[in-house]
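Written below as structure tokens is the structure these notes are about.
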Amino acid sequence: MTDHLPFSKIPYGGDWNPEQWERPVWDEDVNLFEQAGIDLLSVNIFAWTALQPAEDTYEFARLDEVLALLESRGMRACLGTSTAAIPAWMATQYPDVMRVDEQGRQHRFGGRHNACPNSPAYRRLAPALAGQLARRYAGRDVVALWHVSNEFGGACYCPHCERAFRVWLRERYGTLAALNHAWNAAFWSQTITAWEEIVAPNELSVQGGERTTAVQGLTLDYQRFMSDALLGAYRLEADAIRAEIPNAVITTNLMGTYRPLDYRAWALHLDVIAWDSYPSPQDTPAAVAMRHTLMRSLKGGQPFMLMEQTPSQQNWQAYNALKRPGVMRLQSWQAVAHGADAVMFFQMRRSVGACEKFHGAVMEHHGRTDTRVFREVAQLGAELKALEDVTLGARTPARVAVWFDWPAWWAVENSSGPTAALHYLKEVTALYAAFHAQGYAVDLVGPDSDLDGYGVVASTLLYLLPAGAAQKITAFVEGGGVFLGGLMTGVADESDRVFPGGPPGPLRDLLGVWVEEVDALPPGEMNELVMQGDLSGTFGCTLLFEQLRVEDAEVLATYGQDFYAGTPVLTRRRAGKGQAWKLGSSVDAAGLRVLTRALCDEAGVSPLVPDLPDGVEVTRREGEGGSFLFLLNHTPEERQVVVPGLRGRDLLSGEAMGESVALPPRGVRLVREEVGA
Ligand code: GLA
Ligand code: ZN
210 MTDHLPFSKI PYGGDWNPEQ WERPVWDEDV NLFEQAGIDL LSVNIFAWTA
260 LQPAEDTYEF ARLDEVLALL ESRGMRACLG TSTAAIPAWM ATQYPDVMRV
310 DEQGRQHRFG GRHNACPNSP AYRRLAPALA GQLARRYAGR DVVALWHVSN
360 EFGGACYCPH CERAFRVWLR ERYGTLAALN HAWNAAFWSQ TITAWEEIVA
410 PNELSVQGGE RTTAVQGLTL DYQRFMSDAL LGAYRLEADA IRAEIPNAVI
460 TTNLMGTYRP LDYRAWALHL DVIAWDSYPS PQDTPAAVAM RHTLMRSLKG
510 GQPFMLMEQT PSQQNWQAYN ALKRPGVMRL QSWQAVAHGA DAVMFFQMRR
560 SVGACEKFHG AVMEHHGRTD TRVFREVAQL GAELKALEDV TLGARTPARV
610 AVWFDWPAWW AVENSSGPTA ALHYLKEVTA LYAAFHAQGY AVDLVGPDSD
660 LDGYGVVAST LLYLLPAGAA QKITAFVEGG GVFLGGLMTG VADESDRVFP
710 GGPPGPLRDL LGVWVEEVDA LPPGEMNELV MQGDLSGTFG CTLLFEQLRV
760 EDAEVLATYG QDFYAGTPVL TRRRAGKGQA WKLGSSVDAA GLRVLTRALC
810 DEAGVSPLVP DLPDGVEVTR REGEGGSFLF LLNHTPEERQ VVVPGLRGRD
860 LLSGEAMGES VALPPRGVRL VREEVGA
């Protein structure tokens with residue numbers, strides 16, 4: 210395992226598909242890479258058939274040539290294993306390699322991300338190819354790192370998976386009695402009397418389409434199992450590479466807040482986190498920031514790679530708006546600001562045919578460089594080159610943590626009721642955004658994270674509490690931390706069995722409240738959260754309205770309306786050296802800002818910059834090269850930011866910086882702070 214990427218500057222580049230082009234185009238491409246400061250190319254991402262035209266034939270001549278060309282220009286490769294799209298011969302020879310979907314349909318050849326992770330043919334042939342590649346290119350400096358498959362995802366419900374699921378369950382539960390208990394299988398006579406009776410939960414069994422299942426415990430376990438199964442496929446390939454190259458840096462491209470995969474479990478097996486950022490034009494900068502933060506947090510703050518982003522537009526949104534001038538640069542620096550040590554694109558040159566021919570690229574089909582996109586790419590390339598290695602490896606310390614847990618996400622959205630309008634990401638993003646807007650540095654944590662060092666741990670929809678989580682949170686509070694339990698805290702255990710005694714389950718003593726009932730009203734129907742005492746203001750709240758019964762806590766806010774007007778919606782209990790707050794509704798952005806500021810004030814946590822103007826983002830990275838303050842203006846207007854005590858130099862413009870920093874529209878300042886300033 211490596212902690213550092215093998216680079217002496219922020220690597221810059223992206224997916225390059227020479228297999229789609231003739232040799233003269235490759236030569237033209239590398240010249241253009243040079244012009245744009247591009248030095249790292251993800252190659253061999255989708256070339257399985259070319260590398261292995263038949264089961265017993267491998268052909269590496271073209272890849273040899275590609276790597277030699279990069280080497281001759283001093284460029285390096287992020288070398289794909291090419292296993293995300295299987296060859297046609299494989300699907301023909303081994304039809305069971307193709308997935309069975311949620312509707313129970315066995316797929317035929319075509320597309321990508323379509324192999325069953327448990328099919329024997331895939332589990333044999335994918336690592337075999339990875340091993341061949343590793344043997345051939347071991348010791349070659351041109352291969353900077355290994356890129357296994359591509360964007361693992363989806364699910365399969367075939368007989369292989371069903372059998373593997375039974376084995377997985379047997380390991381998890383040991384006995385059928387334990388399994389039936391976990392699933393509360395006596396409900397609707399779902400009791401399993403032999404392991405062979407267990408079926409994959411697709412739409413032919415318990416699933417009724419997305420977010421509807423008759424047996425939540427079963428569906429939740431299948432989600433865990435499928436995340437593990439795909440991780441298992443990744444690991445087979447990684448092991449095959451590692452067997453040839455013990456010190457290889459191996460990764461795959463993750464997808465941020467991608468629901469089906471529990472990336473926390475994945476992170477343990479990746480040498481470096483790499484991810485693909487494709488914000489929609491409607492995404493707020495805070496939503497994008499949260500995804501970067503999540504990816505950084507997976508390996509305890511280790512810098513990550515921005516493996517893909519589009520230089521201009523996507524093709525798969527309904528309406529593929531161009532990134533406005535300056536936005537690609539801004540979003541690239543935003544990634545670096547949150548801990549990225551690589552900036553990469555999909556794709557280098559647009560394909561001439563098939564479904565990505567309208568996806569943005571560094572080079573259009575025509576290959577011209579007198580374009581807005583190429584100029585912007587080259588400008589960023591020059592900036593990254595000029596920066597050299599100073600920020601590489603720098604950490605992004607934070608004293609605020611927001612809870613983010615895949616099984617909680619799955620469980621809360623598997624549940625039928627209390628409302629169909631409940632979206633885990635929306636609620637967690639709103640909480641994150643409240644801290645972010647006020648300039649706090651934030652991490653995202655989960656049940657296995659170390660909470661030491663945080664002043665605030667804030668959560669919403671901490672619905673599912675695995676064993677040990679409540680004790681960890683209680684110890685955090687008693688040691689002086691400030692904890693917020695938001696909506697639906699502590700409802701169920703890790704099998705989605707409701708805690709006897711009701712929510713907040715094992716956090717009831719800590720929070721000093723219990724939840725008697727939960728009102729769920731249609732979207733748009735609001736109540737009010739009326740702050741009391743030190744906190745002031747009245748804010749809108751919506752979605753769910755928990756009826757909190759106070760056992761041992763102060764009431765900090767009450768509902769303003771309805772039959773529960775005047776009853777508590779926000780409480781606080783002091784415990785040990787810290788505090789445990791409980792919030793019972795989904796509060797508007799203004800209310801969340803007041804609440805999150807109060808949590809930080811109580812914990813003695815300050816924002817990086819006080820009074821941050823709207824639309825401006827701030828982060829700080831600290832490392833051997835110094836301390837770096839990033840200020841990013843996400844608006845199309847100029848902004849002025851006051852940073853008390855700031856002295857330093859903006860490494861992008863070379864200008865000296867004092868307390869008052871002018872940010873051009875969509876502008877970025879990367880200020881190396883002077884020591885002792
Ligand atoms: C993903 C994939 C790429 C490409 C892009 C298009 O990130 O990894 O192969 O399809 O999407 O946006
Ligand atoms: Zn399968």
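Basically the numbering used here = 1-based index in the sequence shown + 209.
Backbone N, C-alpha and C define an ideal beta-carbon position, used for all residues, glycine too.
field: Chain-ordered list of residues that sit, by beta carbon, closer than 7 Å to a heavy atom of the ligand ZN
entry: These are the residues, in chain order, with a beta carbon less than 7 Å from any non-hydrogen atom of the ligand ZN: 308, 309, 325, 326, 327, 328, 365, 366, 367, 369 and 370.
query: Say the cut is 7 Å; is the CB of residue 228 nearer than that to a heavy atom of the ligand GLA?
result: Residue 228: no, Cβ never under 7 Å from the ligand GLA.
- request: Using 7 Å as the cut-off, classify the Cβ of residue 523 as near or not near the heavy atoms of the ligand GLA, replying yes or no.
  value: Residue 523: yes, Cβ under 7 Å from the ligand GLA.
query: Near residue 707, what residues of its chain come up, given a Cβ to Cβ distance below 7 Å and the 5 sequence neighbours on each side ignored?
result: 700 and 701, listed in sequence order.
- prompt: What's the C-alpha gap between residue 435 and residue 364?
  reply: In this structure, the straight-line span from the alpha carbon of residue 435 to that of residue 364 is close to 6 Å.
task: Return the chain-ordered list of same chain residues with a C-beta closer than 8 Å to the C-beta of residue 874, the five sequence neighbours on each side being excluded.
output: 535, 842, 844, 845, 846 and 847, listed in sequence order.
- prompt: For residue 555 versus residue 224, is the C-beta distance shorter than 8 Å?
  reply: Taking 8 Å as the Cβ cut-off, residue 555 and residue 224 qualify as a contacting pair.
message: On the CB-based measure, 16 or more other CB atoms within 10 Å of its CB, does residue 571 come out buried or exposed?
response: It is buried - the Cβ of residue 571 has at least 16 other Cβ atoms within 10 Å.
Euclidean distance between Cα positions of residue 497 and residue 569: Between residue 497 and residue 569, the C-alpha separation is close to 19 Å.
task: If I'm right that residue 647 touches residue 806 with Cβ under 8 Å, what's the distance once you round it to whole angstroms?
output: Sure, about 6 Å apart at Cβ, within 8 Å.
task: For residue 621, collect the residues of the same chain with a Cβ closer than 6 Å to its Cβ; drop the 5 residues on either side in sequence, then sort them by chain order.
output: Taken in chain order, the residues that qualify are 633, 670 and 672.
message: If the criterion is Cβ atoms closer than 8 Å, does the pair residue 260 and residue 338 meet it?
response: Going by C-beta atoms, residue 260 is nearer than 8 Å to residue 338.
field: Local conformation of residue 462 per DSSP, three classes
entry: Reduced to three states, the DSSP call for residue 462 is strand.
message: Bridge partners for residue 529 per DSSP, in chain order?
response: Per DSSP, residue 529 has no beta-bridge partner at all.
- request: Can you tell me which of the three DSSP states residue 433 falls into?
  value: Here residue 433 sits in helix by DSSP.
message: If you reduce the DSSP assignment to three classes, tell me which class residue 827 lands in.
response: Under the three-state reduction of DSSP output, residue 827 falls in the strand class.
- prompt: Considering only C-alpha positions, which residue in the set 625, 590 and 450 is nearest to residue 288?
  reply: Answer by Cα proximity: 450.
query: For residue 210, which residues from the same chain have a beta carbon less than 8 Å from its beta carbon, with the 5 sequence-adjacent residues on both sides left out?
result: For residue 210, the predicted structure reports a pLDDT of 35, less than 50, and the residue's modelled location is therefore unreliable. The matter cannot be settled from this model.
- prompt: Between residue 568 and the ligand GLA, is the CB less than 7 Å from at least one heavy atom?
  reply: The beta carbon of residue 568 sits closer than 7 Å to at least one heavy atom of the ligand GLA.
Residue 380 in three-state terms, based on DSSP: Note: residue 380 maps to helix in three-state DSSP.
message: Quick check on this structure: which residue in 412, 487 and 221 has the alpha carbon closest to the alpha carbon of residue 312?
response: The residue with the shortest Cα to Cα distance from residue 312 is 412.
- request: Taking only runs that begin and end inside the stretch 653 to 731, name each unbroken beta strand (DSSP E) of 3 or more residues, in chain order.
  value: Listed in chain order, the beta strand (DSSP E) runs fully inside the stretch 653 to 731 are 665 to 667, 691 to 694 and 722 to 729, counting runs of at least 3 residues.
- request: Give every residue of the same chain whose Cβ lies closer than 8 Å to the Cβ of residue 290, excluding the five residues on either side of it in the sequence, and list them in chain order.
  value: Taken in chain order, the residues that qualify are 253, 335, 338, 339, 342, 355, 356, 357, 358, 446 and 450.
field: Supposed close pair residue 668, residue 710 - CB separation, criterion 8 Å
entry: Contact doesn't hold; Cβ gap of about 20 Å is too wide.
query: Taking just the CA atoms, how far does residue 248 sit from residue 537?
result: Those two C-alpha atoms are separated by around 18 Å.
message: Between the alpha carbons of residue 868 and residue 800, how many angstroms are there, rounded?
response: Residue 868 and residue 800: Cα-Cα distance of roughly 30 Å.
message: Report the start-end ranges of each beta strand (DSSP E) in the stretch 337 to 412 that is 3 residues or longer and not cut off at the edges.
response: Inside the stretch 337 to 412, DSSP marks whole beta strand (DSSP E) runs of 3 or more residues at positions 352 to 356, from first to last along the chain.
task: Indicate whether residue 300 and residue 317 have their beta-carbon atoms separated by less than 8 Å.
output: Against a cut-off of 8 Å, the Cβ pair of residue 317 and residue 300 comes out as a contact.
task: State the DSSP-derived secondary structure class of residue 266, mapped to helix, strand or coil.
output: Here residue 266 sits in strand by DSSP.
- request: Assign residue 455 to one of two classes, buried (16 or more other C-beta atoms within 10 Å of its C-beta) or exposed (fewer than that).
  value: Its Cβ having fewer than 16 others within 10 Å, residue 455 is exposed.
- prompt: Taking residue 644 as the reference, which of 836, 270, 827 and 277 has the closest Cα?
  reply: Nearest in C-alpha terms to residue 644, of all of 836, 270, 827 and 277, is 827.
Pair within 8 Å by beta-carbon distance, residue 548 and residue 500: 8 Å or more divides the Cβ of residue 548 from the Cβ of residue 500.
Where the beta strand (DSSP E) through residue 517 begins and ends: Residues 513 to 517.
task: If I'm right that residue 692 touches residue 727 with Cβ under 8 Å, what's the distance once you round it to whole angstroms?
output: Actually they do not touch by this definition, with Cβ atoms about 21 Å apart.
- prompt: Whose C-beta lies closer than 8 Å to the C-beta of residue 769 among residues of the same chain, with five residues either side of it excluded?
  reply: These residues qualify, in order along the chain: 736, 737, 738, 739 and 747.
field: Neighbourhood of residue 326 by C-beta distance below 6 Å, restricted to the same chain and skipping five residues each side
entry: Closer than 6 Å at the Cβ level, and outside the excluded window around residue 326, lie 438, 439 and 442.
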